[in-house]
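K.L.:
In the numbering used here, the protein residues as written are 26 to 349.
1) Starting from residue 36 and walking both ways along the alpha helix (DSSP H), at which residues does that stretch end?
2) Quick one: is residue 353 buried, meaning 16 or more other Cβ sit within 10 Å of its Cβ, or exposed?
3) Can you give me the C-alpha to C-alpha distance between residue 206 and residue 122, rounded to a whole angstrom?
4) Using DSSP with H/G/I as helix, E/B as strand and the rest coil, what is residue 256?
5) Say whether the region 102-121 touches the region 182-190, bearing in mind that this needs 3 or more beta-carbon pairs closer than 8 Å, one atom from each stretch.
6) Roughly how far, in whole angstroms, is the beta-carbon of residue 32 from the beta-carbon of residue 194, given that I think they are within contact range, below 8 Å?
7) In chain order, what residues of the same chain have a beta carbon less than 8 Å from the beta carbon of residue 223, not counting five sequence neighbours either side?
8) Pairs of beta-carbons, one from the region 53-70 and one from the region 78-98, closer than 8 Å: are there three or more?
9) Within 10 Å of its beta-carbon, does residue 324 have 16 or more other beta-carbons around it, so buried, or fewer, so exposed?
10) For residue 29 and residue 157, which I take to be in contact (beta-carbon distance under 8 Å), what is that distance rounded to the nearest angstrom?
11) How should residue 71 be labelled, buried or exposed, when 16 other C-beta atoms within 10 angstroms of its C-beta is the threshold for buried?
12) Confirm, please, whether the CB-CB distance from residue 202 to residue 169 is below 9 Å.
13) Between 339, 253, 181, which lies nearest to residue 358 when the distance is taken from Cα to Cα?
14) Taking Cβ to Cβ, would you say residue 56 is nearer than 9 Å to residue 326?
15) Where do the N-terminal and C-terminal ends of the beta strand (DSSP E) with residue 319 fall, by residue?
16) Tell me which residue opens and which closes the beta strand (DSSP E) that residue 98 is part of.
17) I think residue 338 touches residue 299, with their Cβ atoms under 8 Å apart; what is that distance to the nearest whole Å?
18) Return the CA-CA distance between residue 112 and residue 85, expressed in angstroms with no decimal places.
19) Which whole runs of the alpha helix (DSSP H) in the region 30-81 are 4 residues long or more, in chain order?
20) So the candidates are 210, 167, 232; which of them puts its Cα closest to the Cα of residue 182?
21) Measuring CA to CA, which of 180, 173, 226 is closest to residue 215?
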C-alpha cells in the first residue's frame with residue numbers, strides 16, 4: 026500500500042498492511058548532534074528507519090497586510106475584516122497551479138491546516154497581547170466572538186477554494202489552548218466563543234466530503250474532547266502532553282473509536298532509558314493498534330536531548346510491534 030492508502034485505511038478503521046510510520050520532524054541541529062553519537066548522516070536515518078511521507082499544506086491565515094492595531098471596540102471590526110481577504114493569491118502556497126497538478130498523482134498523505142486556533146487567530150504572540158485577549162474575554166466577549174466569526178468565515182472561504190482544486194486526506198485545526206492544568210477556557214466558553222465560529226469551515230469540509238477532521242492540541246485538553254466530538258471532529262493529535270489525563274488508553278476507553286488518535290508516545294521516555302522506552306511503547310501501543318484508528322508517534326518534535334541510541338531503539342521496537 027502507499028503511504029496515502031495506509032493513512033486512509035487507518036482513519037476508516039480498516040485493515041492496512043501496516044499503520045504509517047510518521048517521522049517526528051527531526052531538524053538539522055539534531056542530526057548534527059547525532060553525528061557525534063554514531064549517525065553518519067540523514068541518509069542513514071532514512072535508510073534505516075523509512076517513514077511514510079506526509080505533507081503539511083499551510084495557508085497564510087494571518088491578517089494581511091499586518092494590522093497596525095488589533096480591534097478594541099466593535100467599530101474596529103470593519104478594519105479587521107479588510108485584512109482577511111480570501112482572494113489574495115498570497116494566501117496560497119507558491120506555484121499553486123503546479124502543486125495542484127502534482128497532488129493529483131500523489132501517493133503520500135496531504136494534510137491541510139485550516140485554522141490556527143483561538144490564541145493565534147487573536148494575535149497572541151507575546152505576553153502583552155495574551156493579557157489583552159484574556160481581559161477581552163471577560164470584559165468584551167461579544168467583540169472576541171465577532172473577531173473569531175470573521176476569522177471563521179475567512180478560513181472557510183479559503184478552504185472552499187483549496188478543496189475545489191485538490192482532495193486532501195485530512196484537515197487540522199491547530200489549537201494550543203492551555204497547559205498541563207487544563208485549557209484556559211471552560212468547555213461552555215470554548216463552544217460559544219470558538220467552536221461556533223468554526224461551523225462555516227466544518228460546513229465546507231462536509232460539503233466536500235473531507236473524512237478526517239483532526240483537533241491538534243497541546244498539553245491537557247481532556248475536558249474539551251466531548252465538545253469537539255459534538256461539533257464533528259473525529260481525530261485527536263495531542264502534542265507535548267506529559268500528563269495522565271491525556272493518556273490515549275483512557276481516552277480511547279471513554280470515547281471509543283469515533284475519535285481516531287495520532288501520537289500518544291511520551292517524548293520524555295525517549296530522553297530517559299531503554300527500559301522506560303520499552304515500558305512506554307509496550308504498554309500503550311499494542312492495545313491501541315489492536316483497536317484500530319491509531320497511528321503511533323512520539324508526542325513532540327525530537328530534539329537534541331534525545332540520544333540517537335534511544336531514538337534507534339524506539340524505532341526498532343515500534344517496528345517490531347507494528348510488523349509482527
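Note that the Cβ used here is the ideal one computed from N, Cα and C, for glycine as well.
The structure displayed is predicted, hence computed values, not measured ones.
P.N.:
By the coordinates alone:
1) Judged by DSSP secondary structure, residue 36 falls within the alpha helix (DSSP H) whose first and last residues are 28-36.
2) The shown model of the chain, from 26 to 349, leaves out residue 353, and the question about it has no answer.
3) Cα to Cα, residue 206 sits roughly 45 Å from residue 122.
4) Three-state result, residue 256: coil.
5) They touch, by the three-pair rule.
6) With a beta-carbon spacing of about 6 Å, residue 32 and residue 194 fall inside the 8 Å limit used to define contacts.
7) Excluding positions up to five away in sequence, the list reads 140, 177, 198, 256.
8) Taking one beta carbon from each stretch, the region 53-70 and the region 78-98 have fewer than 3 pairs nearer than 8 Å; the two do not touch.
9) With 16 or more Cβ atoms within 10 Å of its Cβ, residue 324 is classed as buried.
10) Not confirmed; about 43 Å, so no contact.
11) The residue is exposed, with fewer than 16 neighbouring Cβ atoms inside 10 Å.
12) No, the Cβ-Cβ distance between residue 169 and residue 202 is not below 9 Å.
13) Shown here, the chain extends from 26 to 349; a query on residue 358 therefore has no answer.
14) Contact: no.
15) That run of the beta strand (DSSP E) goes 319-323.
16) Premise fails: residue 98 is in no beta strand (DSSP E) and is neither H nor E.
17) Here residue 338 really is in contact with residue 299; their C-beta atoms are around 5 Å apart, less than 8 Å.
18) C-alpha separation (whole angstroms): 12 Å.
19) Complete alpha helix (DSSP H) runs here, min 4: 53-60, 67-73.
20) Looking at the Cα atoms, 232 is the closest of the given residues.
21) Comparing Cα-Cα distances from residue 215 to each of 180, 173, 226, the minimum goes to 173.
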